[in-house]
Amino acid sequence: DLISESNNWDEISKFKGKKLDIFGIDYNGPCKSKYMYGGATLSGQYLNSARKIPINLWVNGKHKTISTDKIATNKKLVTAQEIDVKLRRYLQEEYNIYGHNNTGKGKEYGYKSKFYSGFNNGKVLFHLNNEKSFSYD
Numbered sequence: 001d002l003i004s005e006s007n008n009w010d011e012i013s014k015f016k017g018k019k020l021d022i023f024g025i026d027y028n029g030p031c032k033s034k035y036m037y038g039g040a041t042l043s044g045q046y047l048n049s050a051r052k053i054p055i056n057l058w059v060n061g062k063h064k065t066i067s068t069d070k071i072a073t074n075k076k077l078v079t080a081q082e083i084d085v086k087l088r089r090y091l092q093e094e095y096n097i098y099g100h101n102n103t104g105k106g107k108e109y110g111y112k113s114k115f116y117s118g119f120n121n122g123k124v125l126f127h128l129n130n131e132k133s134f135s136y137d
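Numbering (my numbering), first residue to last: 1 to 137.
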């Protein structure tokens with residue numbers, strides 16, 4: 001069974017009876033339950049080639065350049081969750097934000113955080129095409 005949680009059921013209702021693409025990563029919850037963090041888009045809504053998602057990254061107040069081929073999607077509509085998962089995967093590989101990636105990358109930032117990395121917190125800010133934005137820590 002797949003159970004969805006949302007604060008906006010009007011938005012979810014447009015998916016009723018339609019085929020979906022679901023993008024997410026699983027994690028374990030209490031009571032031996034499996035959970036997924038992700039998002040859904042209508043199935044079959046693809047581009048002919050992948051669209052690169054531009055990312056601006058600041059680490060300890062310094063701007064870092066991310067190659068534009070690191071985060072991309074072939075979907076016409078992309079969810080924030082898909083971008084978030086791909087961004088976190090990149091940050092773990094390159095900056096060891098969750099610790100223990102065994103690559104040696106990110107070691108210049110230290111190991112004193114709760115994640116055994118040099119980072120205790122971060123913020124993701126999304127700028128949408130309609131000039132609105134939202135963020136989370």
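Even glycine gets a Cβ: it sits at the ideal position worked out from N, Cα and C.
Leaving out five residues before and five after residue i in sequence, what residues of the same chain have Cβ atoms less than 8 Å from its Cβ?
i: Leu87; result: Ile55, Ile71 and Val124
i: Thr103; result: Glu93 and Asn96
i: Lys18; result: Leu42 and Ser43
Which residues does DSSP pair with residue i in a beta bridge?
i: Thr103; result: Its beta-bridge partners do not exist; DSSP assigns none.
i: Ser133; result: His127
i: Gly118; result: Gly118 is not bridged to any residue.
i: Tyr46; result: Lys75
Nearest by alpha-carbon distance to residue i: which of the options is it?
i: Arg51; options: Thr68, Asn121, Ala40 and Lys114; result: Thr68
i: Phe115; options: Asp137, Lys34, Asn101 and Tyr27; result: Asn101
i: Asn74; options: Leu47, Glu82 and Asn60; result: Leu47
i: Asn60; options: Ser133, Lys34, Phe119 and Ile53; result: Phe119
i: Met36; options: Thr79, Ser4, Ser113 and Trp58; result: Ser4
Might you give, ordered along the chain, the residues of its own chain that have their beta carbon closer than 7 Å to the beta carbon of residue i, omitting 5 neighbours on each side?
i: Ser117; result: Asn96, Ile97, Tyr98, Gly99, Gly106, Tyr109 and Tyr111
i: Asn8; result: none
Is it right to say residue i is buried, meaning 16 or more other beta carbons lie within 10 angstroms of its own, or is it exposed?
i: Gly39; result: buried
i: Phe126; result: exposed
Sorted by chain position, which residues of the same chain lie with C-beta nearer than 6 Å to residue i's C-beta, five sequence neighbours on each side aside?
i: Tyr90; result: Lys70
i: Val85; result: Ile25
Of all the beta strand (DSSP E) runs that stay within the bounds of the region 50–97, which reach a length of 3 or more residues? Here the runs fully enclosed are 57–59, 62–64 and 72–75.
Jot down the residue ranges of each uninterrupted beta strand (DSSP E) in the region 15–39, minimum 3 residues, whole runs only, in chain order. Those beta strand (DSSP E) runs which fall completely within the region 15–39 and span 3+ residues are 20–28.
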